[in-house]
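Notes for the one structure printed next.
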Amino acid sequence: MKWIILVAAGVVPVLLTPGQLTVYVLLGLAAMAVVGLSLLMGYAGQVSLGQASFTAIGAYTAGLLAVHGIPPLLGLLAAPLGAALAAVVVGVPILRLRGHQLAFATLALQLILLSVLGGADWAGGAIGLQGLPYLSIFGFELNEDLEYAYLVLAGVVLTTLITALLVRSRVGRGLRALATAPVAAAASGVPVGAYRLLVFAVSAAFAGFAGGVYAFYVGYLAPGSFPVLLSIEYVVMAVVGGLGSISGALFGAALITLVVQLLTTLATRPGMPSYAPSVLSYAVYAVLLIVIVLFVPRGIVPTLRRRSP
Amino acid sequence: MAELVQYLITGVGVGCAYALLGSGLVVIYRVTRVVNFAQGAVAVLAALTVTTLLAAGLPHGLAEGLGVLLAGAAGLLTGLVATGKPGTTPQAALIVTLGLGVLAYAVEILFWGDQPRSFPGLPGATAGVQTHYLLIASVTALVLAATAVLFARTDLGRALTATAEDPYAARIVGIDVARMGLLAFTVGGALGGLAGVLITPVQQVTFDSDVALVVNGFSAAILGNLTRPGLTLAGGLLLGVVQALAGGYWNTSYQTEVALIFMLVVLVVRAGRLSSVETA
Amino acid sequence: MIVEVRDLTVRYGAATALDGVTLSVAAGELVALIGPNGAGKSTLVNALCGIRRPASGRIDVRGRLALVPEGRHLFPSLSVDDNLRLGAWRRRERDTAHIYALLPELTPLRDRPAGRLSGGEQQMVALGRALMSRPDLLVIDEMSLGLAPKIVGSLVAHLRQRNAEDGLAVLLIEQNARLALELCTRAYVLEAGRVVAEGPAAALAGSPEIAAAYLGLEA
Chain W
1 MKWIILVAAG
11 VVPVLLTPGQ
21 LTVYVLLGLA
31 AMAVVGLSLL
41 MGYAGQVSLG
51 QASFTAIGAY
61 TAGLLAVHGI
71 PPLLGLLAAP
81 LGAALAAVVV
91 GVPILRLRGH
101 QLAFATLALQ
111 LILLSVLGGA
121 DWAGGAIGLQ
131 GLPYLSIFGF
141 ELNEDLEYAY
151 LVLAGVVLTT
161 LITALLVRSR
171 VGRGLRALAT
181 APVAAAASGV
191 PVGAYRLLVF
201 AVSAAFAGFA
211 GGVYAFYVGY
221 LAPGSFPVLL
231 SIEYVVMAVV
241 GGLGSISGAL
251 FGAALITLVV
261 QLLTTLATRP
271 GMPSYAPSVL
281 SYAVYAVLLI
291 VIVLFVPRGI
301 VPTLRRRSP
Chain E
1 MAELVQYLIT
11 GVGVGCAYAL
21 LGSGLVVIYR
31 VTRVVNFAQG
41 AVAVLAALTV
51 TTLLAAGLPH
61 GLAEGLGVLL
71 AGAAGLLTGL
81 VATGKPGTTP
91 QAALIVTLGL
101 GVLAYAVEIL
111 FWGDQPRSFP
121 GLPGATAGVQ
131 THYLLIASVT
141 ALVLAATAVL
151 FARTDLGRAL
161 TATAEDPYAA
171 RIVGIDVARM
181 GLLAFTVGGA
191 LGGLAGVLIT
201 PVQQVTFDSD
211 VALVVNGFSA
221 AILGNLTRPG
231 LTLAGGLLLG
241 VVQALAGGYW
251 NTSYQTEVAL
261 IFMLVVLVVR
271 AGRLSSVETA
Chain F
1 MIVEVRDLTV
11 RYGAATALDG
21 VTLSVAAGEL
31 VALIGPNGAG
41 KSTLVNALCG
51 IRRPASGRID
61 VRGRLALVPE
71 GRHLFPSLSV
81 DDNLRLGAWR
91 RRERDTAHIY
101 ALLPELTPLR
111 DRPAGRLSGG
121 EQQMVALGRA
131 LMSRPDLLVI
141 DEMSLGLAPK
151 IVGSLVAHLR
161 QRNAEDGLAV
171 LLIEQNARLA
181 LELCTRAYVL
191 EAGRVVAEGP
201 AAALAGSPEI
211 AAAYLGLEA
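Sequence lines, in order, name chains W, E and F.
So for the first sequence, UniProt numbering puts the first residue at 1; every next one is plus one.
So for the second sequence, UniProt numbering puts the first residue at 1; every next one is plus one.
So for the third sequence, UniProt numbering puts the first residue at 1; every next one is plus one.
Laid out in structure tokens, this is it:
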């Protein structure tokens, strides 16, 4: 199954129109951020409403470096590092929070970040960074959608592999033990705080990498590219697919992106009112999120797996 | 000096709105342990409804009152969806209210579009600031006092307090705990709606103003750990005044950060104290 | 019969907390339910009050039932008077005067927040709150736990009086078997979710097994 999907994901870009390729790239970028978020929410049991802040940090890291003449490849590599570093810095104080407190704290951090970026001249203020170069790898410039599609695919495969390794490692086992028996896990010496911080940083790095690719793919950045709603979108994707499930995260990102895309296509047909696309996509996010949380609390993928052993 | 007075008055006015919204969060949280993320959306919904009612020719007072009633109904609906299914955890309910907040976006854009809207408040100026700020403060004082009386002096209020303090005991004496939760959502929604209706004449409202509103309300309420109405009022006023001063003497774009950083500090300090108690 | 429980089975997931329990309390009867920790006594209380749904079996309640729960479970920030009033929430009765007449110890505490009272005072309020609903049967879960003998004595005296004057029936769930068997006329012994013995309290108190298991340490 895994291999079929991978092969399909590898073949599909060749068959897509330019418009569809854009959707493919955006889907892949979302998938990377959501794999990280799903890891964080599923394994560390933390609700984050600020995952898009790390996408923004990654994007701005890559963008700012590129603007200052650093080779784009270095910028792209710095994107996940910058996001992870930011996660460690804020994670030390805020990961002590739980439940709604962490939800609001992460949301607050994103709002602060957006406000700072919007007021910072060095980051282009509300207008943002424009005219970013294309990514070039050892002299080969990626200036076609198709090339970004494969770059994103590679990124998704990489984040998936890292997550799978992390889940099977001592860290994953420790965090699972923590979820089922917190007292026993703490008593047996699982360094809870350090593991949570590690997962937080890794999930931020994934989002940061997605942000880095986004910067070079789109060519401009603004605080408005990373609204709170993007964080909420990530949460919807993670919850719908199934928290703590890698395939769930990929499925959730794909399902939501495609459904919203389909509705947008329908809603932008002639005769439809101008507000139709946003109304429909908000409604889809909302209804899917509510229905899944209430009636399929484990998420779609884990529930299907359980039914068909 | 006159400047300072102006900042203080506007700060108290805006802070009152935060306190109202935060008090709604407190009422709901105490009884149900759910943080209602849709509280901001309810405020926006009420405010947008009032713009339409006023445009349709309804007199001031009636339009605002209907907006608050609608907010109460929206609060009830939120409670039904978020807690109506038995066994829903507070964490799941929080995510559901988040979803309802997004659903409100769809409804609001459908009916009112995505441009900022407002409506006139109390006209005139006192001591160099809009008189409307004084209206916000007096209505807030009145409503919060009435809410306090409701909780302390009426049977229904005592039953709400009882449910908040010990749901098991409340069930034993025959209080319908689920119904009390819905009542709390209704009262909380109305308080949020009132906040939205009061603040809109001095601060335009857009469909996505809800995030800023709910974050400010939460910041006010977190000072009292989401359970203490008095501290919520203090928190709201403090936030409003500090924001007004920061905006007036420093830079308006730092107003948001002030509230957010305040909230983060309170959260982190409290968590630090809790964990040091736990390990002790 | 005020309460008739027949073949009651209650499960928590895979674990069986009550396994085919049959038990009854007649009008005006004082019945004790004794047994060790984890025997299923609290599960039975929750099933009787409708908080726990049985897996099988029947519970028939004819008349009003009120619970004095283990651990008192008062509303700490509310005054004693408000706590009493909430006891009659279902019947919407607001007048608490008759409770102060029955339990005069409560009169000076009337306006104090329940959370500030001593354990004995709280137990008295919990009793008063249950009596506010004018019950036919009082289910009392671990009344004596952690209380001084003198206070337990006055609680027992109140129960005897209510039984004698108003025909109030009591189902007393106690770890203190000596106390329970002294007060009650009939008793059940619950172990590991089953009724292992039942009969007149005096006869049970005289049985060597019961004496050894439940009265032995104190003898």
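Glycine included, every Cβ here is placed at the ideal spot set by N, Cα and C.
Nothing here was measured: the structure is a model prediction, and the numbers come from that model.
Would R305/W pass as an interface residue toward chain E - the criterion being a Cβ-Cβ separation below 8 angstroms? Not closer than 8 angstroms to any Cβ of chain E, the Cβ of R305/W fails to qualify, so no.
Could you say if the region 188-197 of chain E and the region 72-89 of chain E meet the contact criterion of at least three C-beta pairs nearer than 8 angstroms? Between the region 188-197 of chain E and the region 72-89 of chain E there are three or more C-beta pairs closer than 8 angstroms, enough to call the two in contact.
Taking the runs of the alpha helix (DSSP H) that are 4 residues or longer, which of them lie wholly in the region 157-239 of chain W? For the alpha helix (DSSP H) assignment, the uninterrupted runs of no fewer than 4 residues enclosed by the region 157-239 of chain W are, from N- to C-terminal side, 170-180, 182-187 and 192-218.
By DSSP, does V11/W sit in helix, in strand, or in coil? In the structure shown, V11/W sits in a helix (DSSP, three-state: H, G or I).
Are the Cβ atoms of V301/W and G242/W separated by less than 8 angstroms? Yes; because the gap between Cβ atoms is below 8 angstroms, this pair is in contact.
Tell me which same chain residues have a C-beta within less than 7 angstroms of the C-beta of V277/E, skipping the five on either side of it? Below a pLDDT of 50, predicted positions are generally treated as unreliable, and V277/E, at 48, falls in that range; no measurement from the model is reported.
In chain E, which residues lie less than 7 angstroms from A87/F when you measure between Cβ atoms? This sequence places Gly at residue 87/F; Ala is not what is there. Per Cβ cutoff of 7 angstroms: V173.
Cβ-based contacts, 7 angstroms cut-off: residues of the region 72-105 of chain W near chain E: Going along the region 72-105 of chain W in chain order, one finds P93, I94, R96, L97, G99, H100, Q101, A103, F104 and A105 with a Cβ nearer than 7 angstroms to chain E.
State buried or exposed for residue 223/F, treating a residue as buried only when at least 16 other CB atoms are found within 10 Å of its CB. Nothing about residue 223/F can be read from this structure; chain F reaches only from 1 to 219.
Proximal chain E residues relative to Y282/W, where beta-carbon distance stays under 8 angstroms: Within chain E, the residues V102, L103, Y105, A106 and I109 have their CB atoms less than 8 angstroms from the CB of Y282/W, given in chain order.
My output table needs one value for S133/F: the three-state DSSP class, helix, strand or coil. Note: S133/F maps to coil in three-state DSSP.
Please check if any C-beta of chain E sits within less than 8 angstroms of the C-beta of S24/F. Not an interface residue.
Alpha-carbon spacing of L27/W relative to K85/E, whole angstroms: Roughly 33 angstroms between the two C-alpha positions.
Would you say the region 213-220 of chain W touches the region 108-123 of chain W, given that touching needs at least three Cβ pairs under 8 angstroms? Short answer: they don't touch.
Please state whether DSSP places V277/E in a helix, a strand or coil. Here V277/E scores only 48 on pLDDT, less than 50, and its place in the model is too uncertain to base an answer on.
Let me confirm a value: T227/E is counted as buried when at least 16 other C-beta atoms fall within 10 Å, else exposed. Which label applies? So T227/E counts as exposed.
So, with DSSP's three-state summary, where would you put L217/F? Residue confidence is low: L217/F scores 48 on pLDDT, short of 50, so the model does not pin down where it sits. No coordinate-derived value is stated.
Using C-beta distances below 6 angstroms, list every residue in its chain close to A38/E, excluding the 5 sequence neighbours before and after it, in chain order. Its chain contains T78, T97, L100 and G101 as the residues whose beta carbon lies nearer than 6 angstroms to that of A38/E, once the 5 sequence neighbours on both sides are disregarded; these appear in chain order.
Have a look at L21/W and I5/W and give me their C-alpha separation to the nearest angstrom. Those two C-alpha atoms are separated by around 17 angstroms.
Answer yes or no: do L18/F and V31/F have a C-beta to C-beta separation smaller than 8 angstroms? No, the Cβ-Cβ distance between L18/F and V31/F is not below 8 angstroms.
Are the C-beta of Y234/W and some C-beta of chain E separated by less than 8 angstroms? By this cut-off, Y234/W is not an interface position.
Start and end of the alpha helix (DSSP H) containing P93/W? Per DSSP, P93/W belongs to the alpha helix (DSSP H) from P72 to I94.
Taking DSSP's pairing of strands, which residues face A200/F in a bridge? Note that residue 200/F is Pro in the sequence shown here, rather than Ala. Note: P200/F sits in a beta bridge opposite R186/F.
Given this structure, state the Cα-to-Cα distance separating G65/E from A125/E, to the nearest angstrom. C-alpha separation (whole angstroms): 24 angstroms.
Can you tell me which of D166/F, D136/F, P76/F and R162/F puts its alpha carbon nearest to the alpha carbon of R158/E? For R158/E, the nearest C-alpha among the options comes from P76/F.
Proximity below 8 angstroms, CB of H132/E to CB of P201/E: Yes, the Cβ-Cβ distance between H132/E and P201/E is below 8 angstroms.
Are the C-beta of I290/W and some C-beta of chain E separated by less than 8 angstroms? The C-beta of I290/W comes closer than 8 angstroms to at least one C-beta of chain E.
By DSSP's criteria, P113/F is part of a beta bridge. Which residues make up the other side? In the DSSP assignment, P113/F forms a beta bridge with S79/F.
Local Cβ density within 10 Å of A2/E, reported as buried at 16 or more and exposed below that: Under this definition A2/E is an exposed residue.
Return the residues of the region 140-164 of chain E that lie within a Cβ-Cβ distance of less than 8 angstroms from chain F, sorted by chain order. Answer in chain order: D155, R158, A159, T161 and A162.
Using the three-state DSSP reduction, which class does G50/F fall into: helix, strand or coil? Reduced to three states, the DSSP call for G50/F is coil.
Other residues of its chain near A221/E: CB distance less than 6 angstroms, five sequence neighbours each side excluded: Closer than 6 angstroms at Cβ, skipping near neighbours: G22, L25, V26 and T232.
How many angstroms separate the CA atom of residue 232/F from the CA atom of A27/F? Chain F is shown from 1 up to 219; residue 232/F falls before or after that span and cannot be answered.
Any idea if H100/W is buried or exposed, counting beta-carbon neighbours within 10 angstroms, 16 or more meaning buried? It is buried - the Cβ of H100/W has at least 16 other Cβ atoms within 10 Å.
Report the option in S253/E, L223/E, N216/E and P229/E whose CA atom is closest to the CA atom of G240/E. Here the closest residue by C-alpha is N216/E.
Run through chain E and tell me which residues come within less than 7 angstroms of S77/F, C-beta to C-beta. By Cβ distance, chain E contributes T161 and E165.
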